[in-house]
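Remarks on the structure that follows.
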Amino acid sequence: MGIRPLRAGAQYVPPDTSAAGQARDSLGGFESTGEIAGSAIAQIDSRAGSANSVSVEVANEVAELRALPLILWWNGEGDKPKLRPGWALLNTTTKEMEFAE
Numbered sequence: 001m002g003i004r005p006l007r008a009g010a011q012y013v014p015p016d017t018s019a020a021g022q023a024r025d026s027l028g029g030f031e032s033t034g035e036i037a038g039s040a041i042a043q044i045d046s047r048a049g050s051a052n053s054v055s056v057e058v059a060n061e062v063a064e065l066r067a068l069p070l071i072l073w074w075n076g077e078g079d080k081p082k083l084r085p086g087w088a089l090l091n092t093t094t095k096e097m098e099f100a101e
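Residue 90 in full-length UniProt numbering sits at position 90 of the sequence shown, with consecutive numbering throughout.
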């Protein structure tokens, strides 16, 4: 970084190094990180239905996969996916896991 001369009439304002200034900077970073995380979770929720249907189709068609555990995602809206023995359902809204009997 180089030194930039002040323009005529401009005053130098030193960077805010106080605890309050640092807290404001940190808060801005946290808000940005929270927005990114929220966006990622929304994308996962929006794709969960199609991902579940593909997982179920593959498990139905590949005999070796029928015996393996499968975890389906559900956001609590719409039709609840039906579970088979050995499968589990993660409700992304309540963060609860339900297991098939």
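Beta carbons are placed, not taken as given, at the ideal position from N, Cα and C, and that holds for glycine.
This structure is a prediction, so every number in the text was calculated from the model and none was measured.
In this structure, how does DSSP classify residue i when only helix, strand and coil are distinguished?
i    : result
A100 : coil
A19  : helix
Give the range of the beta strand (DSSP E) segment to which residue i is assigned.
i   : result
L89 : 87-91
L83 : Counting along the chain, L83 falls outside any beta strand (DSSP E), and DSSP gives it neither H nor E.
Looking at C-alpha atoms only, which residue of the options is the closest neighbour of residue i?
i   : options            : result
G76 : S53, T17, A37, K95 : K95
K82 : A37, A100, T93     : A100
I41 : P85, W73, P14      : W73
G86 : K80, I71, G78, T93 : I71
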